[in-house]
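J.: Which chain is which? The protein sequence lines are A, P and L, in order. Under this note's numbering, read the first sequence as residues 5 to 265, first letter to last. Under this note's numbering, read the second sequence as residues 10 to 223, first letter to last. Under this note's numbering, read the third sequence as residues 10 to 223, first letter to last.
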Amino acid sequence: MAEDGTRILEDTVASRLAAEALIVDVDGFEGPLDLLLTLSRTQKVDLRKISILQLAEQYLVFVEKAKELRIELAADYLVMAAWLAFLKSRLLLPPDPKDEGPSGEELAAHLAFQLERLAAMREAAAKLMARDQKGRDFFARGIPEDVTRIRRITWSANLMDLMQAYARIRTKDEFRPYVMDRDSVYTMEQALERLRGLIGYAGEWTSLMSYLPEGWTDDPVKRRSATAATFAASLELAKAGKITLRQSDTFAPIQIRTADG
Amino acid sequence: MADDPQTESLFEAPPLGEQERMVEAILFASAEPVSVAELNARMPHGADANQALSLLTKRYDGRGVHVVRVGEGWALRTAPDLGFLMQKETRETRKLSRAAIETLAIIAYHQPVTRAEIEEIRGVSVSRGTVDQLLEMEWIKFGRRRMTPGRPVTYVVTPGFLDHFGLESARDLPGLKELRAAGLLDNRPPPGTGEDEDSDNDGQDDMFSEGEPQ
Amino acid sequence: MADDPQTESLFEAPPLGEQERMVEAILFASAEPVSVAELNARMPHGADANQALSLLTKRYDGRGVHVVRVGEGWALRTAPDLGFLMQKETRETRKLSRAAIETLAIIAYHQPVTRAEIEEIRGVSVSRGTVDQLLEMEWIKFGRRRMTPGRPVTYVVTPGFLDHFGLESARDLPGLKELRAAGLLDNRPPPGTGEDEDSDNDGQDDMFSEGEPQ
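(1) Can you pull the chain B residues whose beta carbon is under 7 angstroms from the beta carbon of A/A236, in chain order?
(2) Going by other Cβ atoms of all chains shown within 10 Å of its Cβ, with 16 needed for buried, is P/Q28 buried or exposed?
(3) Report the residues of the stretch 87–118 of chain P with a CB closer than 9 angstroms to any CB of chain L, ordered along the chain.
(4) Using a beta-carbon distance below 8 angstroms, is A/A60 in contact with chain L?
(5) CB-CB under 7 angstroms to P/L65, same chain, minus the five flanking residues each way: which ones, in chain order?
(6) Is the separation between the beta-carbon of L/I127 and that of L/I110 shorter than 8 angstroms?
(7) Should A/S310 and A/V189 be called a contact, given that it needs their Cβ atoms to be closer than 8 angstroms?
(8) Alpha carbon to alpha carbon, how far is A/E193 from A/M164?
(9) Please report how far the alpha carbon of L/T163 lies from the alpha carbon of A/P106, in whole angstroms.
(10) Compare the C-beta of P/S39 against all C-beta atoms of chain L and say whether one is closer than 8 angstroms.
(11) Would you kindly work out how many angstroms separate the C-alpha atoms of P/K104 and A/T158, rounded to a whole number?
(12) Using a Cβ cut-off of 8 angstroms (strictly closer), state whether L/A34 contacts chain P.
(13) Just reading off the alpha helix (DSSP H) that A/G108 is part of, what are its end residues?
(14) Step through the CB atoms of chain P and report whether any lies within less than 8 angstroms of the CB of A/G201.
(15) Within 8 angstroms (strictly less), CB to CB, does P/P183 reach chain A?
(16) Name the two residues that bound the continuous beta strand (DSSP E) containing A/I260.
(17) Kindly list, in the order they appear in chain L, the residues whose Cβ is closer than 8 angstroms to that of A/Q137.
(18) For the stretch 66–79 of chain P, which residues have a CB atom closer than 7 angstroms to at least one CB atom of chain L, in sequence order?
(19) Tell me, please, which residues DSSP counts as bridged to P/V133.
(20) Tell me which same chain residues have a C-beta within less than 7 angstroms of the C-beta of A/V183, skipping the five on either side of it?
(21) So, P/T87 versus P/M95, is the Cβ gap smaller than 8 angstroms?
(22) Do A/A128 and A/L51 come within 8 angstroms of each other at the CB atom, strictly closer than that value?
(23) Out of P/L113, P/V133, P/Q120, point me to the one whose CA is closest to P/D141's CA.
(24) Check the DSSP bridge columns for P/E101 and list the partner residues they point to.
(25) How far does the alpha helix (DSSP H) with A/F90 in it reach, from first residue to last?
(26) Exposed or buried, which one is P/A40 when buried takes at least 16 other CB atoms within 10 Å?
(27) Taking three-plus beta-carbon pairs below 8 angstroms as touching, is the stretch 162–177 of chain L in contact with the stretch 120–134 of chain L?
(28) Buried or exposed for P/M52, going by 16 or more other Cβ atoms inside 10 Å?
(29) Spell out a yes or no on whether the stretch 181–198 of chain L and the stretch 145–154 of chain L are touching, meaning 3 or more CB-CB pairs, one atom from each, closer than 8 angstroms.
(30) Please confirm whether A/R174 and A/W209 have their CB atoms less than 8 angstroms apart.
(31) Where does A/F66 sit, in a helix, a strand or coil, going by DSSP?
(32) Quick check on A/L249: does DSSP put it in helix, strand or coil?
(33) Relative to the C-alpha of L/S38, which residue among A/I147, A/A134, A/K92 is closest?
(34) Is there at least one Cβ from chain P nearer than 8 angstroms to A/A134's Cβ?
(35) Please report how far the alpha carbon of A/A195 lies from the alpha carbon of P/R131, in whole angstroms.
(36) Are L/V79 and L/P42 closer than 8 angstroms when you measure CB to CB?
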């Protein structure tokens, strides 16, 4: 339409007509950038040489027209309009030396870049979709043969397993794994019961060790278990207020007596 | 583009080489074997699927893929001798179950032994699966039938078993005394059996004779 | 039988012609591309899939079926010029929206790319559904997170995408070189956002800011 990019204002009639045509289609645009790209096509020039000023003008006309026609425009279209109005003023007015920030030309160049990039991506997308596609133009094997996954299980057992198994069977009644053997374990419950029975006689301070049950003092394993259980039981009784505990020094013998003794 | 060959074909069938390509592509992409009639229907007018098929069959002769006839249709299939390529092997080693190893031990120590005897020794019934597994592993096999009522089958261990466990014969299996010495048995002699258990070959039947498979 | 070739191969790799047959069979059997590593893993020890592949590629040159490279893998595909014969096999692919197609193209050409970058290029927000659809089709997948504030995820295209569009690699995307030469794949920040773009939350610029620091 525009035969001369500099005579923008004289183009407004054509722009208005174009904008009116676009408005019908406003739902068809994917946002303001898409609309700008479509508008830029009317300039019929290379995107690199596009007049951003003219484009801004066309866009503003479009938004103006939409307002007249009471068409609800999404917020981002209005944000873009505000930004383009700002850009337009920057491009038209002589640069303010005190003004910081990018110049109108820089902003315009970036917008042109964005438009060119979007156009390029659209073209690339079209090229991509125009390629031969699997399942449409070329095909994969129709009867794929599954790779069967063969799981070979090797059962393992060694001579030791075999002998242990046999030993286990032959001594089924007697054989018990060591961990299950509780013969040498004196439980806290046992110790508690024993201490409760004896504590009444302990008016004086008596070594805790003297409360170990008979037959549990010689074998070190048994002795350890009995000591631990008796100690735990003494703590339990002390907590219940039944006895008092004392120890004169680190590692010194622990002594107990009845609490009210 | 897609229509060109068909348009052309109104005038002339495509060259035979081209027909062969077509049959090749159709057979490759089809999910089912394709009949000659269907090939002809799908190819441009004037094409002769039969001729193209025989060319294609020759071309694939000796290749990794063959043209094969399946019922009324034709299909491409990988050469049978390359079937091993279609497998992905994963090896997995698993511990034999306790039931299996115990059953195996009893067979090894007491062979030939019947299932009833195994159950008596283990004190629990022996599942069919356990015995089958051992048979399948070829660690045990059927021995002679026992000449007792019902003529039950017996089980014995195989050379494969001996090989796996590094034994020359089942006689090499350590006896109870050795098991005890090796710490595999409780040190206390089981009540009532005394020290003589290992040499105890008299009163009891051979089921309980110690580690002396014949 | 399955083990023989592998046992043999401990001594000698199969002849090259045989290797070619093997690669042929494996590629024929699979609808998906097979990597060289997997070919080698499935072929007998000592075989060289690469060499066999180049022989095979030559053999299928001009046939109805082609050997094609897809990313790290290789596959057999029917020749595109024979697509017209395959109406029966044609699968109606779900129609992609314009937004989905553009988003896909942007991911392919700009990968790895963040959602913010896609939005910046398209000038509109990308709906969750669009990305989800592409993810579901397995044409795109998550790439590494960008090491920028917020650590946004990136998107990249998949081997399935390459396979679908008959691309050897993402480098073969149509027009990629030209786009790069024209600077259209550059990450060009909007003017004025150079130093302090992260703090630049000023409303109207926001829409055009690159959305990500470099």
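Cβ coordinates follow ideal geometry from the N, Cα and C atoms, glycine included.
T.: Taking the geometry as given:
(1) Absent from the structure is chain B; the protein chains it does hold are A, P and L.
(2) Residue burial annotation: P/Q28 is buried, with at least 16 other C-beta atoms found within 10 angstroms of its C-beta.
(3) Here the close residues are T87, A88, D90, L91, G92, F93, L94, M95, Q96, K97, E98.
(4) It does not: the Cβ of A/A60 has no partner Cβ on chain L nearer than 8 angstroms.
(5) Contacts found: E29, V32, E33, V76.
(6) The answer is no: Cβ separation not under 8 angstroms.
(7) It is not possible to answer for residue 310 of chain A, since the shown part of chain A is limited to 5 through 265.
(8) Their Cα atoms are separated by approximately 40 angstroms.
(9) Straight through space, the alpha carbons of A/P106 and L/T163 are spaced by roughly 30 angstroms.
(10) Yes, P/S39 counts as interfacial toward chain L.
(11) Roughly 8 angstroms between the two C-alpha positions.
(12) Cβ-Cβ to chain P under 8 angstroms: yes for L/A34.
(13) 108–134 is the span of the alpha helix (DSSP H), which, as asked, contains A/G108.
(14) Answer no: the Cβ-Cβ gap between A/G201 and chain P never drops below 8 angstroms.
(15) Interface flag for P/P183 against chain A is set, since a Cβ pair is found closer than 8 angstroms.
(16) Looking at the DSSP string, the run of the beta strand (DSSP E) that includes A/I260 is 258–262.
(17) Here the neighbours are T102, H173, F174, G175.
(18) Closer than 7 angstroms at the C-beta level to chain L, one finds these residues of the stretch 66–79 of chain P: R72, G73, V74.
(19) Paired residue(s): none; P/V133 is not in a bridge.
(20) Unreliable positioning characterises A/V183 in this predicted model, as indicated by a pLDDT of 43, which lies under 50. The coordinate reading is nonetheless provided below. Cβ-Cβ distances below 7 angstroms link A/V183 to nothing in the same chain once the five nearest sequence neighbours on each side are left out.
(21) Yes, Cβ-Cβ distance for P/T87 and P/M95 is below 8 angstroms.
(22) Between A/L51 and A/A128, the C-beta gap is not smaller than 8 angstroms, which leaves the two residues out of contact.
(23) Nearest C-alpha to P/D141: P/L113.
(24) P/E101 pairs with A/I157.
(25) A/F90 -> alpha helix (DSSP H) spans 79–96.
(26) With fewer than 16 other Cβ atoms within 10 Å, it is exposed.
(27) Touching, yes, given that three or more Cβ pairs across the two stretches are closer than 8 angstroms.
(28) Here P/M52 is buried. Its C-beta has 16 or more other C-beta atoms within 10 Å.
(29) Under the Cβ criterion (8 angstroms, minimum of three pairs), the stretch 181–198 of chain L does not count as touching the stretch 145–154 of chain L.
(30) No, these two residues do not count as a Cβ contact at 8 angstroms.
(31) The DSSP-derived three-state label of A/F66 is helix.
(32) Three-state DSSP puts A/L249 in a strand.
(33) Contrary to the premise, residue 38 of chain L reads as Ala rather than Ser in this sequence. Closest by alpha carbon: A/I147.
(34) So no, A/A134 is outside the interface.
(35) One C-alpha to the other measures close to 40 angstroms.
(36) In this structure, L/V79 places its C-beta atom within 8 angstroms of the C-beta atom of L/P42.
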